[in-house]
Amino acid sequence: VDMENAFANTNFFNHDISSWNVSNVQNFRAMFADSSRFDVDLSSWDVGSATSLNLMFFDSSYSQNLCAWGDRLSDVLETRNVLSVSNMFGNSNCPAEDTEGPTPD
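Counted the way the UniProt record's numbering counts, the sequence shown spans residues 1 to 105.
Shown next, in the form of structure tokens:
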């Protein structure tokens with residue numbers, strides 16, 4: 001399943017997608033890239049099947065804590081087939097030291 005660019009370049013999107021079942025999605029590339037005023041809690045999403053998370057939140061002005069995603073993904077990256085997380089949080093509201101997101105060992 002592919003969600004690449006699904007909400008890229010959107011503004012004022014506040015529909016509740018927190019309960020979406022994304023457990024079979026493999027490609028999250030740039031899903032929310034360049035989005036602004038996006039205020040949806042995605043903390044319950046299961047991204048365990050992801051193979052690409054790169055640019056997912058790149059250059060977004062997300063009101064939720066994106067850095068929490070990086071912490072949450074460390075277990076997923078160690079046990080799953082994630083191939084790319086490049087710039088997942090680049091230019092987002094995550095502090096500079098976290099903008100690359102977690103990297104697999």
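Ideal Cβ positions, reconstructed from N, Cα and C, are used throughout, including at glycine.
Rounded C-alpha distance that separates serine 74 from serine 19:
As a first step, residue 74 is located in the sequence shown; it is residue number 74 there, counting from the start. As a first step, residue 19 is located in the sequence shown; it is residue number 19 there, counting from the start. So the two alpha carbons sit approximately 22 Å from each other.
First and last residue of the beta strand (DSSP E) that includes phenylalanine 38?
Taking the sequence shown and counting its residues from 1, the one referred to as residue 38 is at position 38. Here the beta strand (DSSP E) through phenylalanine 38 covers 36 to 38.
For serine 61: DSSP bridge partner residues:
Counting from 1 along the sequence shown, the entry for residue 61 is found at position 61. In DSSP, serine 61 forms a bridge with Ser36.
Which residue wins for smallest C-alpha separation from asparagine 9, given the options Leu77, Asn21, Asp34 and Trp69?
Along the sequence shown, one-based indexing puts residue 9 at 9. Asparagine 9 has its Cα closest to that of Asp34, out of Leu77, Asn21, Asp34 and Trp69.
Using a Cβ-Cβ cutoff of less than 7 Å, which residues in the same chain neighbour asparagine 14 once the five nearest sequence positions on both sides are dropped?
Numbered from 1 along the sequence shown, position 14 holds the residue referred to as residue 14. Around asparagine 14: Asp39 and Val40.
Excluding the 5 residues flanking serine 61 on each side, which residues of the same chain have their C-beta closer than 6 Å to its C-beta?
Start at 1 with the first residue of the sequence shown, and residue 61 comes out as number 61. Here the set comprises Ser36.
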